[in-house]
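Chemist:
Residue numbers (the UniProt record's numbering), protein chains in the order written: chain A, 1 to 585; chain B, 1 to 952.
And the structure:
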């Protein structure tokens, strides 16, 4: 389900809440996540270890003041610097619309937003933040909007990556999402476009520019209704660079207010933008627009060509609608809808081809201007999602933020191509994922060196057999040499020896038998020694021969070895059991 | 202390150079490792002569064994490597010692350094196979070392020295060197990524040295593509590429199915996969290599451009496909409707493969990449593949056109160039042309010019296309009038390529009307000229076209044919003679009349040697005038004519200066005559430098003549000085210098001397024994007579001769608005100039700024400021920083381009055989021949500037 993103992750005993969004479609209690779900009794602060906000869109952070101030939460909230900067502007705007315009009460106040923001801890990209001794988080670049980040949450050796919204194709102002091969146990990814593979952006951009350019050359006016943040900046950059390149003179206006403040932050957070903007900012900050000026109400009546960005994006109210009314009658003009429009709005009506609109007051507005649709979306498509999974190599994937039917398809694909299990829980559903935690064990350097020296080359890809004693003591694991273990535990060493008697038919004297055995074994590549007391040692294995007490023709060979030499010992026994070769001597 | 000195004396006996002894003493004195290190560092700064290298090495080794501190040993080891690099030193004598040192070494770092030294030794002894084998064996032994640095070096050593020759490899009975590939291959799985990278690099090194790699490595390399480290992946991509070039046709199985494909296709698919790698270094590498895989099957190739689109599980067509469809259905560029891109048929969910192992969409991804480096690499690869496959060229067109709108200018430029390169294989559709033409409004001159070049060689399919192109070009012309020449040239080619498409457009373009006379257009309008250029070039191969012309068009034709002859071709017009001289097939091109004229006039000069001086002077003056005029008329011959005219002018000056009348006058009149003669000598010198360095295509024969002329000028200078200065002292030096110059002239041009019978130098060399012994005053006398009696040398002309020219486009020098800036700070002035026929402009072109107070500033432009738009042409776009103290009112500064030359680098010195040069030149002081100077070669441009006093 899209909107109201809020995910609770319990990892190795830690509880982390990912995003705290609101739902655009509802105006009652359903607009915020149900926080009573987290814990029935007891405070949230006690239960949650931290909250992470991926980016500043309201469906990812809209419920934050409600959550922290009205429900009550006092632990840190993590977000990136740009998100921290822009988020309060949007929250304030949202509050104003709900409280001032719609007149709702029992809503969070400006002060609450401020208090909430005080709890925020800002993080840098790729900075590992220790939330507490065990829990650490790390942000990766996600594209999508300025400051959007993916977060890796790690406790011990278990980790989860939450993508938030991300975009794998770069656009005019932001780069592509990137993550290293961090191999998390679980990747929680959005799946808005689970069943779409998009065309290259260039065609759309080119078309857009061509349309605008043609209209302006004809002397027409172009209206582009936008939402204040995100796409608007992309389109601005697009037009700005185009104007620069083509040496155009027609004015471009941007309706003021919210956007001006936001633009200011775009200027500040250059490091979060794409390569081109980052590289050119030494000469000129691309967000310091040369051609784009602030809009004034009076400009709409100016003669001559112009381009105006106006809010809101669906032409349902406000400035964009006012301008639209003024310009609709002239066929030279054009309106470009850069995004989706909800049913019932003017935007939707004109896009579906309606040419006569009934405005309030029974006025009929005839739309003669051209209407264009141009979609610019900043979510990863199916290929992008797959690409991210390939980059991160998770052991499990969990899909959120999308429609169930579409997710089903993607899930199937992921399982088929990466052979990892994939989950898609519905709202309120809990998925449990078994991990295979590896437990770190300390090993003393001396032992490690000794053991590695025995074998051949150390090889990363193959497990290696080592001898040692595993000691579990005081909540820690150590691998130590047996001698040390004995010493530490105060135990004495016991030797385990195997002995085995082998009967051999040999009428000769004992020492001759021994000599035969010695000659027989000498051929092997062990160090075989004939000791003066009449016994033979092969490495550390002792072999003695005695005549059988009853039958002198049978000699009894006593083979004895410690358990460490089990392999060699049993080999020698079996060798001896086969009998000695018939010596000619 | 006593003992040390003993040691040093002993060493002195062994190896005679004192240098090693000094080092030894130093090292012995050193009390701590830090001291020793300091001594060694000091020692490194001084070069060591070849003879003493061995001695020094011995001493270093001795200390090496004694030394306990690893850092000192490390330094010694690195010094050993440095020393064995010394030219002329054969390091085989120290090899054994170096190998011995390895055995007892404990420190990994020192070991690695020693191996590095061995590598240096080995590379110096590549011819010696046993030595190499031995070194490889040593390296193999140390491969088991636990330090990555040591293993790294070992692999590097094996890669550089491992046996490559097949037969010899078998001979080596020692198992170590038997199969180098296997040894290296075993380290593909090393635990350290650095070692893995080194292993792959070593393998590549072996390949470069000519060893044929086994195909079995392929599967190993494929596994490395999934490595965690980017260096490993990057190197693995290279290795796979190498293998795919070695075994393109081998068959490899596709995992998880029973099918098999060609290795090159499989490798192509794998490399394509890497285009969407996480690291951009790898992406660039992969995208670059894709371009050179030309044996790939076409359906694989075409997949790279195909990214199956879908929306909600339904197949969607790409914008490209839609555009194509629109075009073929006859409707052109309809407005976009919402839902125009509505998805069509349902897709079978099972059939969709989101991450193909194949090449699917590799270029689509590459061209959309975040980093422009990747995008450029992808465009380059597209270009190379399209050049070899016409069908692919057709397909990739849409993508290239899209790249014209990239945000980075370099990428746009690159894609335009790419398109030009493949333009033979393609025809532009109208909608594509539309997008291409939209870029004409780009504010960057480079882009526009590249686009004009592209349009020159594009095929357009319809007459609407031509019309569209013309309209857009005219729009471009009005917006950027400076593009005039480039646009005309573009239209010339456009016209001559598409005569039949232009034909139906002619009435409209000339705005003729069947019944009414239309007003005659303005002949000076660049736009009108542009249209005419298009039409006339089309008319060349379309005889019916002139029938559509109106009267004034013919008049304009005649005018343009004369004024813009390089743009307007000769036409066969009905009822008229051909306006240009008829090119009848009987005349062989190189005998065209103007060239004949040139040769004739030169003949005349050379033949009439024994005329009275007055006659010679007049003839020379006439000929020079003729030549100059010829150069103006015939641009192809301008270089040649100018060159000869300059030569004749020198001769003329010489003749004038030597007129007997002047030299015989009484002492008081010396002054005037001296002034004339010394000015002449100076000018001749200058002109000879111009002749030598400003023309491209000057050959050895001309250089001799030029140098000879210069020698004459110097003789003249000597004579003049001799007559004006009192006392003999200064003359001695001058005479000697002059004689040295004669000597070096003889040495440089010994082979040319036979051709110079009766010339000044010829006579001079005959008199040489006398000259050397005689007094300066006598020398001067001899010179004077020889100079006067010597004959005039015939200047042979080379095939092609072009004068280097420069033209400053910007600043134009017309602005009345002074450039204001605060004094003490700098202001950047954009300079844009075209250079023609300049060789090595990066090294020779300088910008000079002259301030009104006579202060001159010389600026060396960065090499990156030069672009090379075509053969023989260069473009300098640079910024000049100006600064000055405050002025009271704005004033003009002059900006000009200079051509720097250095007579050491002259063509003469490169021509002489090395052996003759080496022995003699060493004796000469280096400065003697190295005259550096500059030739101004562009018109100065004035810029109005105004440094304001700084405000407090």
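Note that beta-carbon positions come from the ideal geometry of N, C-alpha and C, so glycine has one too.
Quick check for students: name the residue ranges of the alpha helix (DSSP H) that lie wholly in the region 174-240 of chain A, counting only runs of 4 or more.
Modeler: Runs of the alpha helix (DSSP H) inside the region 174-240 of chain A: 201-218.
Chemist: Under the assumption that residue 787 of chain B contacts residue 882 of chain B (Cβ atoms under 8 Å), give the Cβ distance between them as a whole number of angstroms.
Modeler: Taking the first residue of the second chain as position 1, residue 787 of chain B is located at position 787. Taking the first residue of the second chain as position 1, residue 882 of chain B is located at position 882. Not really, about 47 Å apart at Cβ, beyond 8 Å.
Chemist: Taking Cβ positions, are residue 276 of chain A and residue 407 of chain B nearer each other than 8 Å?
Modeler: Position 276 of the first chain, counting from 1, holds the residue named residue 276 of chain A. Position 407 of the second chain, counting from 1, holds the residue named residue 407 of chain B. Contact flag set, yes.
Chemist: Under three-state DSSP, which class holds residue 407 of chain B?
Modeler: Stepping through the second chain from its first residue, residue 407 of chain B is reached at position 407. Reduced to three states, the DSSP call for residue 407 of chain B is coil.
Chemist: Using C-beta distances below 7 Å, list every residue in its chain close to residue 463 of chain B, excluding the 5 sequence neighbours before and after it, in chain order.
Modeler: Locating residue 463 of chain B in the second chain gives position 463, counting from the first residue. Hits under 7 Å: 501, 504, 505.
Chemist: Any contact of the region 680-699 of chain B with the region 728-737 of chain B, i.e. 3+ C-beta pairs under 8 Å?
Modeler: Not touching, per the Cβ criterion.
Chemist: Assuming contact is defined by CB atoms lying nearer than 8 Å, are residue 123 of chain A and residue 129 of chain A in contact in what I supplied?
Modeler: Indexing the first chain from 1 puts residue 123 of chain A at position 123. Indexing the first chain from 1 puts residue 129 of chain A at position 129. Their beta carbons are under 8 Å apart, which means residue 123 of chain A touches residue 129 of chain A by this criterion.
Chemist: Could you have a look at residue 31 of chain B and say whether DSSP puts it in helix, strand or coil?
Modeler: Working through the second chain from its first residue, we reach residue 31 of chain B at position 31. Three-state DSSP puts residue 31 of chain B in coil, outside helix and strand.
Chemist: Determine the contact status of residue 410 of chain B and residue 280 of chain B, defining contact as a CB-CB distance below 8 Å.
Modeler: On the second chain, residue 410 of chain B is found 410 positions in, with the first residue counted as 1. On the second chain, residue 280 of chain B is found 280 positions in, with the first residue counted as 1. Contact: no.
Chemist: Under 8 Å between C-beta atoms, does residue 147 of chain B make it to chain A?
Modeler: Taking the first residue of the second chain as 1, we reach residue 147 of chain B at position 147. It does not: the Cβ of residue 147 of chain B has no partner Cβ on chain A nearer than 8 Å.
Chemist: Using a Cβ cut-off of 7 Å, which residues of the region 425-437 of chain B contact any Cβ in chain A, in chain order?
Modeler: Going along the region 425-437 of chain B in chain order, one finds 435 with a Cβ nearer than 7 Å to chain A.
Chemist: With DSSP as the reference, please indicate the residues paired to residue 860 of chain B in a beta bridge.
Modeler: Taking the second chain and counting its residues from 1, the one referred to as residue 860 of chain B is at position 860. In DSSP, residue 860 of chain B forms no bridge with anything.
Chemist: Quick one: is residue 370 of chain B near chain A, going by C-beta distance under 8 Å?
Modeler: What you label residue 370 of chain B is simply residue 370 of the second chain in a count that begins at 1. Judged by the 8 Å Cβ criterion, residue 370 of chain B is in contact with chain A.
Chemist: At the level of alpha carbons, what is the spacing between residue 111 of chain B and residue 95 of chain B?
Modeler: Stepping through the second chain from its first residue, residue 111 of chain B is reached at position 111. Stepping through the second chain from its first residue, residue 95 of chain B is reached at position 95. C-alpha separation (whole angstroms): 15 Å.
Chemist: Report yes or no: is there a C-beta of chain B within less than 8 Å of the C-beta of residue 55 of chain A?
Modeler: For the purposes of this step, residue 55 of chain A is taken as residue 55 along the first chain, with counting starting at 1. Not closer than 8 Å to any Cβ of chain B, the Cβ of residue 55 of chain A fails to qualify, so no.
Chemist: In chain order, what residues of the same chain lie with their CB nearer than 8 Å to the CB of residue 516 of chain A, ignoring the 5 residues before and after it?
Modeler: As a position in the first chain, residue 516 of chain A is number 516, starting the count at 1. Closer than 8 Å at Cβ, skipping near neighbours: 506, 508, 580, 583.
Chemist: Distance, Cα to Cα, residue 52 of chain A vs residue 225 of chain B?
Modeler: As a working note, residue 52 of chain A is residue 52 in the first chain. As a working note, residue 225 of chain B is residue 225 in the second chain. For residue 52 of chain A and residue 225 of chain B, the distance between alpha carbons rounds to 35 Å.
Chemist: Taking only runs that begin and end inside the region 96-169 of chain A, name each unbroken alpha helix (DSSP H) of 4 or more residues, in chain order.
Modeler: List check, alpha helix (DSSP H) in window: 110-118.
Chemist: Anything in chain A within Cβ reach of residue 443 of chain B, meaning under 8 Å, just list it in chain order.
Modeler: The residue you call residue 443 of chain B lines up with position 443 of the second chain. Simply 244, 245, 246, 247.
Chemist: Would you mind telling me which residues of chain B sit closer than 7 Å to residue 178 of chain A, beta carbon to beta carbon, in chain order?
Modeler: Reading the first chain from its first residue, position 178 is the one you call residue 178 of chain A. Within chain B, the residues near residue 178 of chain A are 278.
Chemist: With distance defined between alpha-carbon atoms, name the residue in A:167, A:289, A:398 nearest to residue 187 of chain A.
Modeler: Here the question's residue 187 of chain A lines up with position 187 in the first chain. Answer by Cα proximity: A:398.
Chemist: Alpha carbon to alpha carbon, how far is residue 479 of chain B from residue 354 of chain A? Give it in angstroms, no decimals.
Modeler: For the purposes of this step, residue 354 of chain A is taken as residue 354 along the first chain, with counting starting at 1. For the purposes of this step, residue 479 of chain B is taken as residue 479 along the second chain, with counting starting at 1. Spanning the two alpha carbons is a distance of roughly 40 Å.
Chemist: Assuming residue 495 of chain B and residue 460 of chain B are in contact, meaning their beta carbons sit under 8 Å apart, how far apart are those beta carbons, in whole angstroms?
Modeler: Position 495 of the second chain, counting from 1, holds the residue named residue 495 of chain B. Position 460 of the second chain, counting from 1, holds the residue named residue 460 of chain B. Not a contact, Cβ separation roughly 11 Å.
Chemist: Per DSSP, what kind of secondary structure is residue 683 of chain B in: helix, strand or coil?
Modeler: Taking the second chain and counting its residues from 1, the one referred to as residue 683 of chain B is at position 683. Helix at residue 683 of chain B.
Chemist: Do the region 377-385 of chain B and the region 176-191 of chain A touch if we need at least three Cβ pairs shorter than 8 Å?
Modeler: No: fewer than three Cβ pairs fall under 8 Å.
Chemist: Nearest CA to the CA of residue 327 of chain A: which residue from A:474, A:316, A:370?
Modeler: Position 327 of the first chain, counted from the first residue, corresponds to residue 327 of chain A. Nearest option by C-alpha distance: A:370.
Chemist: Hey, residue 50 of chain B and residue 56 of chain B are a contact pair by Cβ (cut 8 Å); roughly how many whole angstroms apart?
Modeler: Start at 1 with the first residue of the second chain, and residue 50 of chain B comes out as number 50. Start at 1 with the first residue of the second chain, and residue 56 of chain B comes out as number 56. Actually they are not in contact, since the Cβ atoms of residue 50 of chain B and residue 56 of chain B sit about 11 Å apart, beyond 8 Å.
Chemist: The alpha helix (DSSP H) that contains residue 207 of chain B, what's its start and end?
Modeler: Within the second chain, residue 207 of chain B is the residue found at index 207, counting from 1. Its alpha helix (DSSP H) spans residues 193-208.
Chemist: Checking the sheet assignment: what are the DSSP bridge partners for residue 254 of chain A?
Modeler: On the first chain, residue 254 of chain A is found 254 positions in, with the first residue counted as 1. Residue 254 of chain A pairs with A:294, A:309.
Chemist: Please list the partners that residue 241 of chain A has in chain B, where partner means a Cβ-to-Cβ separation under 8 Å.
Modeler: Locating residue 241 of chain A in the first chain gives position 241, where the first residue counts as 1. Here the neighbours are 407.
Chemist: Taking the continuous alpha helix (DSSP H) assigned at residue 421 of chain A, which residues delimit it?
Modeler: Along the first chain, read from residue 1 onward, the residue named residue 421 of chain A stands at position 421. Per DSSP, residue 421 of chain A belongs to no alpha helix (DSSP H); it is in the beta strand (DSSP E), 421-423.
Chemist: Determine the direct distance from the alpha carbon of residue 162 of chain A to that of residue 364 of chain B, and round the result to whole angstroms.
Modeler: One-based indexing of the second chain puts residue 364 of chain B at position 364. One-based indexing of the first chain puts residue 162 of chain A at position 162. Roughly 28 Å between the two C-alpha positions.
Chemist: Here's the rule I'm using: 16 or more other beta-carbon atoms within 10 Å means buried, otherwise exposed. How should residue 364 of chain A be labelled?
Modeler: Taking the first chain and counting its residues from 1, one reaches residue 364 of chain A at position 364. Burial call: exposed.
Chemist: I want to see whether chain B comes within less than 8 Å of residue 387 of chain A, judged by CB atoms only; does it?
Modeler: Walking along the first chain from the start, residue 387 of chain A turns up at place 387. Chain B, which has a Cβ nearer than 8 Å to the Cβ of residue 387 of chain A, makes this yes.
Chemist: When the Cα atoms are used, what is the spatial distance from residue 815 of chain B to residue 944 of chain B?
Modeler: The residue given as residue 815 of chain B occupies position 815 in the second chain. The residue given as residue 944 of chain B occupies position 944 in the second chain. The straight-line gap from Cα to Cα measures roughly 7 Å.
Chemist: Rounded to a whole number of angstroms, what is the C-alpha to C-alpha distance between residue 916 of chain B and residue 748 of chain B?
Modeler: Position 916 of the second chain, counted from the start, is the residue given in the question as residue 916 of chain B. Position 748 of the second chain, counted from the start, is the residue given in the question as residue 748 of chain B. Residue placement at residue 916 of chain B is poorly supported in this model, since its pLDDT is 34, which falls under 50; the coordinates still yield a value, given next. Each residue's Cα considered, the two are about 9 Å apart.
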